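Everything in the sequence shown is counted per the UniProt record's numbering, starting at 1 for the first residue and increasing by one. Ideal Cβ positions, reconstructed from N, Cα and C, are used throughout, including at glycine. Since we're looking at a predicted model, the values are computed, not measured. Accompanying notes for the structure given below.
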Amino acid sequence: MGIAITEEHRALAASVHGFAGRNITARGMDHEPFRAALAAQGLLGLHLPERYGGQGGGLQELAVALEALGEHCTPGSHLPTVLASAVIARATAAHPLPPAPAPPVDAPPVDVPALDARPVDVPALDTPAARVPPARDASLPVHDLLAGLAGGTLTAAVALPGGTRAAAAGPAATALGSPGADLFVLPLPDGRWAALDRADCAAEAVDGIDLSRRLTAVTARAVPDDRVLGGVTSGLVADLAAVLLGAEACGVAAWAVAAAAGHARVREQFGRPIGQFQGVKHKCAAMLVALEHARAAVWDAARALDGDGPPDEAALAAGTAGVLAADAAVRCAADAIQVLGGIGYTYEHDAHLYYRRALSLRALSGDPGEWAERVAGLAAGGVRRRMEPDLPEEAGALREGIRASVASLAGAEPLDRLVRLADEGWIMPHLPRPWGRAASPLEQVVIHQEFRDLKRPNLGIAAWAVPSIVRYGTPQQQERFLPRTLTGEIMWCQLFSEPGAGSDLASLTTKALRVEGGWSLSGQKIWTSLAQWAQWAICLARTDSDAPKHEGITYFLVEMSSPGVTVRPLKEINGEEVFNEVFLDDVFVPDELVVGQVGQGWRVARDTLSHERVALGDTWGPGSRHTDMVRLIGELGGPGALRPAALEESGRLWASGQALSALGLRVTLSQLSGGDSGTASSVRKLLGMRHSQAVSEFCWSLAPASPYWNRMILTTRAFTIGGGTTEVQLNIIAERALGLPRDP
């Protein structure tokens, strides 16, 4: 989806992509004309108040633009310049500012070029045009620096806490930016920060791996009192850098995913595209998964730092971005080189530029392990990131009515309440009336929020069957099954998987033969959850053996007490019996229990499976709600009782879960704004299953005698198998999102 999920942000991203594509004509260091063009478009001041030449946006808008610029590996000083202005703006926000000077009444209008301006002529590194700084007033107070940074008359370099240290000895800090920058934002020995002119600093170039962006070793020689940034701390600078460098890292990763997938679609080996080989396909899909995970973390951190919530909550979100974003860029850029093969390892291809940029961003952002330790400390201290969407004004009117209904239901007797929940459409509100409320995405979100303290019944497998019966069932089937299912009177199971088919459901061999008044089903099903207790089942059987693979399949409703149905529970590795084998021996199913048309059951099944994936992603993906890990750490004595490696691992796990929750929120907001969530369900499921397993394995390693974690480490092994294996999910992502060819 990109960091941008609203219509306005998507439009901004598209404009920046177009602008960068037209204006990048060469790569090298210190491309001041390109930076000037960015300023002319207002892109250097997206996050600043209009009174200082900005666009009045925030870090979210700036992150959207930086991701797009990162996808083009844009050179020069724009990133340190916007980071510097973001830091200075945070300092000035706490103090009254004089109004910006008004232009003369007869001042001519400023001619700002449109986004379709012609490409700029980018000078080479050592030309005079690249070395000569713009003229300026060297005595500008702090708040007036913002206008110069937004307008492109000032360039900046920023020292990054925890980033790469300068090679030179001494107290010099490593700054992102050129030694010829006009302004240096750096820490002072007493812990304060200052924005100093070049004349007040000693600066020299530092060799870096990125060929298109400079690093500088800088120390302060003089610190005017009016250039000290009140309220700015190393933590704040690091948090802002985690967001802005993380946004560019997402752009680098996005290019890598697109380049790898594009190559895999057309490069042929052994007579077919390499993207058809599962090893390449899964590598590309895993790159996209890492990218979406990082995007969610950076997006949420930008929201948190833009918001007015508790500072610790924003620090937790920024720490999550620090853990995930730069690492994702390095991984994706390295994997892109692998997919590209030999050409990716040459100067002939741009891949090395992106890999260099990714490595530089990771070094400058700070050690992800240190970020993880910070996240672990905050989480163990009780800090939680609130994942709630900002809803439009019309949500207020919806909320008022829904809240009144909740209050009425809360006062009802339990049995009456259950009947009313079903009759009034509260259990699956997205369904059409009378089974649901035909609720819009916005209404569904409000219902979810208002019903938090009044739990609705969990339908289990029925939540997969009900939508298919609503869409494809006859009126008689709907009246017979839906009311009693919604009140929990009917328990369902699913007879889809077979011993020889696995995740390839269309390869089923269970047959349905035509008999008088209906069908006779024979075959074997497996991995059927709760079959020993279910009254009814949804079942796929082949009614035409000569039809193509995905045709000739029919969708049946099977009564589990029918003669010929045999259920044999399977004991799982955790000692429980949830899965079952089910044997069908000439089981009669009348015609009125066929859902949809005979031979078109795969279409009905696909609808069921789409609901299944959403449900599993929501239910099994614990995200940052997996607080039992933090509880265990507390029982063991707190973070200080953990070995350093364990502390770091706990922070990585928490960050991963929090970003997973942010990804779910992004999907919700995208749907609210009319966007398409794409393959987000598969991405969320894959991440959620792996995350649950990793948390269980980690916690068991801390407490191997715990009965709870003994059970969880065994239980979660099924998570990457049930409902579509990890490998199947990777195929789905690769084929549907990246357009890689299907297996033959």
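Closest option to L570, judged by alpha-carbon separation, among P33, L530 and Y52: L530. Here P179 is not near A199, since their CB atoms are 8 Å or more apart.
Annotation for A334: Y355 place their beta carbon closer than 7 Å to its own, counting only its chain and skipping 5 residues before and after. Between the alpha carbons of V598 and W536 lies a distance of about 20 Å. Put simply, the backbone Cα of R357 is about 34 Å away from that of D743. Ranked by Cα distance from G152, the options A412, R420, G401 and Q41 are led by Q41.
Only buried fits L316, as 16 or more other CB atoms lie within 10 angstroms of its CB. E489 and T528 have their C-alpha atoms some 20 Å from each other.
Within a 10 Å sphere around the beta-carbon of Y52 sit 16 or more other beta-carbons, which makes this residue buried. Annotation for A734: K281, C284, A285 and L740 place their beta carbon closer than 6 Å to its own, counting only its chain and skipping 5 residues before and after.
Residue environment analysis places N23 among the buried positions, since at least 16 neighbouring C-beta atoms fall within 10 angstroms of its C-beta. With a cut-off of 8 Å on Cβ pairs, the stretch 246 to 256 is not in contact with the stretch 695 to 713, counting fewer than three such pairs. In the DSSP assignment, A238 falls within the unbroken alpha helix (DSSP H) covering S234 to V266. Rounded to whole angstroms, the separation of the alpha carbons of A395 and A438 is 16 Å. Sixteen is the threshold: when 16 or more other Cβ atoms of the shown chains lie within 10 Å of the Cβ of N580, as they do, the residue is buried. At a Cβ-Cβ threshold of 8 Å, A325 and A260 do not count as neighbours.
Following the DSSP letters along the chain, one finds T216 in no alpha helix (DSSP H) but inside the beta strand (DSSP E) bounded by residues L215 to A220. Taken in chain order, the whole beta strand (DSSP E) runs of length 3 or more contained in the stretch 458 to 523 are 492 to 495 and 511 to 515. Per DSSP, reduced to three states, the secondary structure at T554 is strand. By the neighbour-count criterion, in which a residue is buried when 16 or more other Cβ atoms sit within 10 angstroms of its Cβ, W193 is buried. By the Cβ-count criterion, T346 is exposed, with fewer than 16 other Cβ atoms from all chains shown falling within 10 Å of its own Cβ. Sequence-distant partners of G369 (beyond 5 residues in either direction) whose C-beta falls short of 7 Å from its own C-beta, in its chain, are E648. Positions of the beta strand (DSSP E) runs, each at least 3 residues long and wholly inside the stretch 520 to 589, are given as 536 to 542, 553 to 559 and 565 to 569 in order along the chain. Here DSSP, grouped into helix, strand and coil, assigns W193 to strand. DSSP places C201 in the strand class (E or B) of the three-state scheme.
By the neighbour-count criterion, in which a residue is buried when 16 or more other Cβ atoms sit within 10 angstroms of its Cβ, S408 is exposed.
Between L229 and L305 a beta carbon distance of about 16 Å is seen, past the 8 Å cut, so the two are scored as non-contacting. By the C-beta density criterion, K525 is buried, having at least 16 other C-beta atoms within 10 angstroms. By the Cβ rule, the stretch 283 to 302 counts as touching the stretch 682 to 699, because three or more pairs are nearer than 8 Å. L145 sits away from L176, with the two beta carbons spaced by 8 Å or more. Three or more Cβ pairs closer than 8 Å define a contact, and the stretch 475 to 484 falls short of that threshold against the stretch 439 to 452. Counting only the Cα atoms, I633 lies some 48 Å from A147.
In the displayed model, R331 falls within a helix according to three-state DSSP. Sequence-distant partners of A410 (beyond 5 residues in either direction) whose C-beta falls short of 7 Å from its own C-beta, in its chain, are L454. Note that the stretch 542 to 551 touches the stretch 590 to 605; at least 3 beta-carbon pairs, one per stretch, sit closer than 8 Å. Between the stretch 64 to 80 and the stretch 209 to 221, the count of Cβ pairs shorter than 8 Å is three or higher; the stretches touch.
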